[in-house]
Amino acid sequence: MRPWFIHLIKLLFPPQVLLPDIVGIDIGLTLSALAIALYLTKARRWGWLWREWLTTVDHKRIGIMYIIAALIMLFRGGVDALMIRSQLIVPEAHFMGAQQYDEVFTTHGTVMIFFMAMPFFFGLFNVAVPLMIGARDVAFPRLNAISFWLFAFGAALFNISFSIGGSPSAGWFSYPPYSELQFNPGVGENYYLLALQVSGIGSIATGINFLVTILKLRAPGMTLMKMPLFVWSALVTSTLILFAFPPLTVALGLTMLDRLFGASFFTLAHEGMPMMYANLFWIFGHPEVYILIMPAFGIFSEVVPTFSRKPLFGYEAMVISLLAITFLSYGVWVHHFFEMGAGPGVNVFFGLSTMLIAIPTGVKMFNWLFTMWGGRIRLSVPMLWQLGFIPTFVVGGASGVMLAAVAADYQYHNSYFVIAHFHNVIVGGTVFGLLSGMYYWWPKMFGWKLNERQGRWAFAFFFTGFWLTFMPQYFLGLEGMTRRMASYPPGLGWGGLNAMSTIGAFIMGVGFAILVYNIAWSRMHPEWDTTGDPWDGRTLEWSLPSPAPAYNFARIPEVHERDAWWAMKQRGETDAVKLSPDQVEPIHVPKNTPMPICLAVSFFVGSIGMVFAWHWMAILGGLGVVAALAYGSLEDDTDRELDPTTVLNTEKRLGRVHP
Amino acid sequence: MRPAFFKRPYRKLVPLALAAGLLSTGCGQQYVLLHPVGPVGQQELHLMELAAIAMGIVILVVFTLYFYAIIRFRDKPGNTAPYRPDWHGSKWLEILWWVLPAVLLTVIAIPTVKTTYALDHVPKGKDPIVIDVTSLTWKWLFEYPGQHVAAVNQLVIPTGKPVLFELTADSPMNTFWIPALGGMEYTMPNRVLPLWLQANKPGTYIGLSGQYSGTGFAKMFFHVKAVSPAAFNAWVAKTRKTASPMTMAVYDQLLKHNTTGQALYSSYPKDTFPTVANGFTLTGSGMYMVMRDKNDITYMPMQNP
Ligand code: HEM
Ligand SMILES: [Cu+2]
């Protein structure tokens, strides 16, 4: 064999990707991919897949693809979590080697934050926001597809690292100099940098898209202060993304220059400044954690009123607190590294600004509670997740404040106390919120509901497992156990709580399995939602049939108050959403386009080139990007018109035409 | 359908009971953060306790309202609780919950500021013993500039006297943490940061790194032996006599990426630690000056701001 070939094989398949479990997974994945390809060929579904999904620009379908991808990533991140917990169940366990453990916790964190939580709420934004504001699509449908495919291929790039070339192992925030070539010579870190960069472009584009959509495409009469709170949360999340992601881009870009082109921004040698990375990363990173929680706040602000049959308590305060949190969240980042010696003045400033954030957060909590107060609470599954959220998030917020007490954080920092804190807020807040939203809008996406009984069991297991997993971790923190230890010695008393935590994690795993079963079972035994309003909802999306037709609203509704649909129902004016045959007008809809997926594939190819420092391939990918953009700009036949008869027939079939 | 199971908030009680169980064992000696043996850890513990109590109040209030609401306002036939479908705000209630958290946070904020400033510098009038700490991949090097001895993965300190650690790294970042004595601080390459701690009780304590730095990171434990000043001096004298010197060759050996056991050295080469302590805090906010000339060290506290 030629030497270059041997070298290539060694580069693509270093020892860490040849572990038996990884090879087993590789084989399983290859077989399933083949099986899917075979099925698509046999059922002659390729054309359908291409036309209906891969080239679609319909926000509802893009939303569904986001959510499916997010659930797959939740599975992957969840398996990582179970591996971590299995390793830690007893002292000095040898379930994995340290190298693999490091890769697994890095993958877990990165996947959960960037490839699970973010796409999940992007999916819910796509599914719900245009329908809630009475729009026919987002402002830039094609950009929306570009965002999705950049995310999808970014995620794919990150996920192939464990079978080809090796996973990154520097943690989800990837501090240099450990992430530099000197200590991390493999290609894993390159995968991390490129995957986040590519999906980050998509995230910024999504931010712009929803910002414009919400500011420009609202139905007549829907002033800002009449918007549903979920739309508000999408608005502030988009703003946060717009200003938070650029520092991340810079931090990742400089690290890439260090690694690929011998620069020394953050290196140990040549007086690099690792702390600069910490600053840049957390200037992004703290707003990012609020990017993760805002959509959940929005979802709960829809779910609580609906299932309490009462308007949201203190709407204005809810909006003001969202804005306050947005603003403050840019000014707290140093609380992630009080211990880097910025001095007491700086630390105290950031400690107090962090505590300040807890005030608007607390206000929201009380307003949700008082939305329930004097209402009639139905314990449907979306509401159960909400009810799970309140106690869980309160504990997480409280521990956050404890961390913000600077001197105390010197003891908590980097210990399991911090791990417990952020899982309390991210799982108890973000994940509970996303799942609540998923159950809530599921009928709107697919036209059928998820089975309630199974949904309750999924919730019960997940919730119980959560508390059992993470409460002990606060106490592990007090016992002095630091995070990211691949194994720990006996004799420090850490064993019992760790075992408890691991048991809890597996109970959560069961909860997730029930959730998947819930989806599969309900798909096979669909409980159709014929009314379009299964929960007795309050906002405009429930005035549409489930699922909504491609153009959403045949006639754009006029809005006079908050909770517009509820008000129409109260006044018995629901027929107003129906159409009379003389009102039908032609509707412009954007045409499908292969450009977004081609663009993302080019990014993918170019990124692989960068990961392995194959410059020809990076250039090839770059040319592909330019070509796809040029094609997209030169193409002028981008919309088509639905003629009135088609619209009328569709609406007739949905029973939405006045006789 | 088995709605009965969900009608009662039993399942919320399970984790609560669990938490109570955990708390009741909170006095066990393995909870090092709750049993500090020095003034730094003690002050940090006071702050932790205060914040925990204030936050406990918040949790209690929210849980009470929460359980009351879901029990009282369930949607079931015959529920006599008032139903107010149009109640969407109340000025006074809302003012209350902007103010209430603000008050509680102020209660935490003031001591936070005080403690943070207080712990930033060694108490006045107490000359600390200085120890230079370098985190290596994956081991700790401790150099005693005043005593001229050095040690790997083990630390001996006198009781009742502040110890000023000067921290740097010839490795990826780590944090230097002795939970029984007090909080941690980063060791960063190209930078020196100060951290002072004190042990008031003789004993052996565990030290470790909190910042992940690679596959051997979990093995970065070290032992801290706090002994009486006399015993400390004896230890120094003995080390200088019996241990071998650390040469540059030995230091290069330590730079290798591996884990090692403990070691003692009767002397160490001068350039292994940055000669000018140009740490952010050291000179940045004017807390200390550490003067080194030849082989000696003078510690000069500067005016506190
Ligand atoms: C009441 C509001 C909150 C306060 C006062 C607060 C405070 C803090 C502080 C001080 C830290 C740094 C601890 C340390 O590393 O030593 C921290 C870490 C963290 N917080 Fe929060 N937090 C709050 C809410 C949230 C929310 C809503 C989220 C996300 C949904 C969140 C996610 C995180 C994450 C991910 C980390 C750790 C990141 C890491 O080191 O990997 N926090 N929080
Ligand atoms: Cu933060």
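Sequence lines, in order, name chains A and B.
At position 327 of the first sequence the residue is numbered 310 (this note's numbering), and the sequence of numbers has no breaks.
At position 184 of the second sequence the residue is numbered 188 (this note's numbering), and the sequence of numbers has no breaks.
Beta carbons: idealized from backbone N, C-alpha and C, even for Gly.
Which residues of chain A have a Cβ atom closer than 7 angstroms to the Cβ of P176 of chain B, listed in chain order? Stepping through the second sequence from its first residue, residue 176 of chain B is reached at position 172. Under the 7 angstroms cutoff, chain A gives P160, Y161 and F166.
Using DSSP with H/G/I as helix, E/B as strand and the rest coil, what is K143 of chain B? If you number the second sequence from 1, residue 143 of chain B lands on position 139. K143 of chain B: strand per DSSP, three-state reduction.
Grab the span of the alpha helix (DSSP H) containing F103 of chain A for me, first residue to last. Numbered from 1 along the first sequence, position 120 holds the residue referred to as residue 103 of chain A. It spans M101 to M115 - the alpha helix (DSSP H) in which F103 of chain A sits, taken as one unbroken run.
When the cut-off is 9 angstroms and only beta carbons count, does G288 of chain B lie next to chain A? Counting from 1 along the second sequence, the entry for residue 288 of chain B is found at position 284. Its pLDDT being 32, under 50, G288 of chain B is placed unreliably in this model, and the coordinates cannot settle the point.
Helix or strand or just coil, what does DSSP make of A170 of chain B? The count along the second sequence starts at 1 and reaches residue 170 of chain B at position 166. In the sequence on display, residue 170 of chain B carries Glu and not Ala. Strand, per DSSP.
Please confirm whether I373 of chain A has its beta-carbon closer than 9 angstroms to some beta-carbon of chain B. Mapped onto the first sequence, residue 373 of chain A falls at position 390. True, the Cβ-Cβ gap to chain B drops below 9 angstroms.
Buried or exposed for N262 of chain B, going by 16 or more other Cβ atoms inside 10 Å? Translated into the one-based positions of the second sequence, residue 262 of chain B becomes position 258. Exposed is the call here.
I want to verify the contact list: residues of chain A whose CB lies under 9 angstroms from the CB of D79 of chain B, in sequence order. Counting from one through the second sequence, the residue named residue 79 of chain B turns up at place 75. Simply F290, S291, R292, G358, R359, I360, R361 and L362.
Considering only their Cβ atoms, is the gap separating S484 of chain A from F444 of chain A smaller than 9 angstroms? As a first step, residue 444 of chain A must be located in the first sequence, where it is residue number 461. As a first step, residue 484 of chain A must be located in the first sequence, where it is residue number 501. No.
What number of angstroms, rounded off, separates the C-alpha of V302 of chain A from the C-alpha of S284 of chain A? As a position in the first sequence, residue 302 of chain A is number 319, starting the count at 1. As a position in the first sequence, residue 284 of chain A is number 301, starting the count at 1. If I take the Cα positions, the gap works out to 11 angstroms.
Would M79 of chain A and I409 of chain A qualify as a contact pair, given that the criterion is a beta-carbon distance under 9 angstroms? As a working note, residue 79 of chain A is residue 96 in the first sequence. As a working note, residue 409 of chain A is residue 426 in the first sequence. Cβ atoms of M79 of chain A and I409 of chain A: not closer than 9 angstroms.
What residues in its chain sit with their C-beta under 7 angstroms from that of Q369 of chain A, if we drop five residues either side in the sequence? What you label residue 369 of chain A is simply residue 386 of the first sequence in a count that begins at 1. F283, V286, V287 and S419.
T337 of chain A: CB within 8 angstroms of a non-hydrogen atom of ligand 2: The residue labelled residue 337 of chain A in the question sits at position 354 within the first sequence. T337 of chain A Cβ: within cutoff of ligand 2.
Buried or exposed for N142 of chain A, please, with buried defined as at least 16 other CB atoms from any protein chain shown within 10 angstroms of its CB. Numbered from its first residue, the first sequence carries residue 142 of chain A at position 159. N142 of chain A should be labelled buried.
With H, G and I counted as helix, E and B as strand and the rest as coil, what does DSSP make of F(-4) of chain A? Indexing the first sequence from 1 puts residue -4 of chain A at position 13. The answer is coil: DSSP assigns F(-4) of chain A none of H, G, I, E or B.
Residues in the same chain with beta-carbon distance under 7 angstroms from R538 of chain A, minus the five sequence neighbours each way, listed in chain order, please. Counting from 1 along the first sequence, the entry for residue 538 of chain A is found at position 555. Excluding positions up to five away in sequence, the list reads L562 and Q566.
S186 of chain A, buried or exposed, once every other Cβ within 10 Å from all chains shown has been counted against 16: Taking the first sequence and counting its residues from 1, the one referred to as residue 186 of chain A is at position 203. Buried, since its Cβ has 16 or more Cβ neighbours within 10 Å.
Inter-residue spacing [alpha-carbon to alpha-carbon] between I490 of chain A and G448 of chain A: Along the first sequence, read from residue 1 onward, the residue named residue 490 of chain A stands at position 507. Along the first sequence, read from residue 1 onward, the residue named residue 448 of chain A stands at position 465. Straight-line Cα distance between these residues: approximately 5 angstroms.
Check each candidate in B:Y148, B:L37 and B:V66 and name the one with the smallest Cα separation from R244 of chain B. By 1-based counting over the second sequence, the position of residue 244 of chain B is 240. The residue with the shortest Cα to Cα distance from R244 of chain B is B:Y148.
Along the region 379 to 401 of chain A, where does the CB come closer than 7 angstroms to a CB of chain B? Name the residues. A381, V384, M385, A388, V389, A390, A391, Y393, Q394, H396, N397 and S398
What is the C-beta distance between H92 of chain B and Y399 of chain A, in whole angstroms, given that I count them as a contact (C-beta under 8 angstroms)? As a working mapping, residue 92 of chain B is identified with position 88 in the second sequence. As a working mapping, residue 399 of chain A is identified with position 416 in the first sequence. Actually they are not in contact, since the Cβ atoms of H92 of chain B and Y399 of chain A sit about 41 angstroms apart, beyond 8 angstroms.
In this structure, how does DSSP classify M483 of chain A when only helix, strand and coil are distinguished? Numbered from 1 along the first sequence, position 500 holds the residue referred to as residue 483 of chain A. Helix.
Is W155 of chain A near ligand 2 - that is, is its Cβ less than 8 angstroms away from at least one heavy atom of it? Residue numbering aside, residue 155 of chain A sits at position 172 when the first sequence is read from its first letter. Not under cutoff, so the answer is no.
List, from N- to C-terminal side, the beta strand (DSSP E) runs of 3 residues or more that fit wholly inside the region 438 to 519 of chain A. none
I want to know whether the region 171 to 184 of chain B touches the region 213 to 226 of chain B - three or more CB-CB distances under 8 angstroms. yes
Find the nearest neighbour of E524 of chain A within the set A:W36, A:L57, A:H42 and A:V112, judged by alpha-carbon distance. Here the question's residue 524 of chain A lines up with position 541 in the first sequence. Among A:W36, A:L57, A:H42 and A:V112, the Cα nearest to that of E524 of chain A is on A:V112.
Just to check, is the beta-carbon of G334 of chain A closer than 8 angstroms to a non-hydrogen atom of ligand 2? In the first sequence, counting from the first residue as 1, residue 334 of chain A sits at position 351. For ligand 2, not one heavy atom lies less than 8 angstroms from the Cβ of G334 of chain A.
Residue interval of the beta strand (DSSP E) (run including W181 of chain B): Position 177 of the second sequence holds residue 181 of chain B. Residues N178 to I182.
May I ask whether a heavy atom of ligand 1 can be found less than 8 angstroms away from the beta carbon of Y395 of chain A? Position 412 of the first sequence holds residue 395 of chain A. Yes; taking the cut-off as 8 angstroms, the Cβ of Y395 of chain A has a heavy atom of ligand 1 nearer than that.
CB of F290 of chain A within 9 angstroms of CB of I360 of chain A, strictly: Counted from its first residue, the first sequence places residue 290 of chain A at position 307. Counted from its first residue, the first sequence places residue 360 of chain A at position 377. Result yes, Cβ atoms of F290 of chain A and I360 of chain A sit closer than 9 angstroms.
Would a check of beta-carbon distances place F353 of chain A closer than 9 angstroms to chain B? Within the first sequence, the letter at position 370 stands for residue 353 of chain A. It does; some Cβ of chain B falls within 9 angstroms.
Euclidean distance between Cα positions of S15 of chain A and L21 of chain A: Walking along the first sequence from the start, residue 15 of chain A turns up at place 32. Walking along the first sequence from the start, residue 21 of chain A turns up at place 38. Distance between the alpha carbons of S15 of chain A and L21 of chain A: 10 angstroms.
Jot down the residue ranges of each uninterrupted alpha helix (DSSP H) in the region 569 to 606 of chain A, minimum 4 residues, whole runs only, in chain order. 578 to 594
DSSP has K229 of chain B in a bridge; who is on the other side? Numbered from its first residue, the second sequence carries residue 229 of chain B at position 225. In DSSP, K229 of chain B forms a bridge with B:V160 and B:T208.
May I ask you to check if the CB of H406 of chain A is nearer than 8 angstroms to at least one heavy atom of ligand 2? Taking the first residue of the first sequence as 1, we reach residue 406 of chain A at position 423. H406 of chain A: no, Cβ never under 8 angstroms from ligand 2.
At a Cβ cut of 8 angstroms, what residues of the region 323 to 337 of chain A count as close to chain B, listed as they run along the chain? M323, G324, A325, G326, P327, G328, N330, V331, G334 and L335
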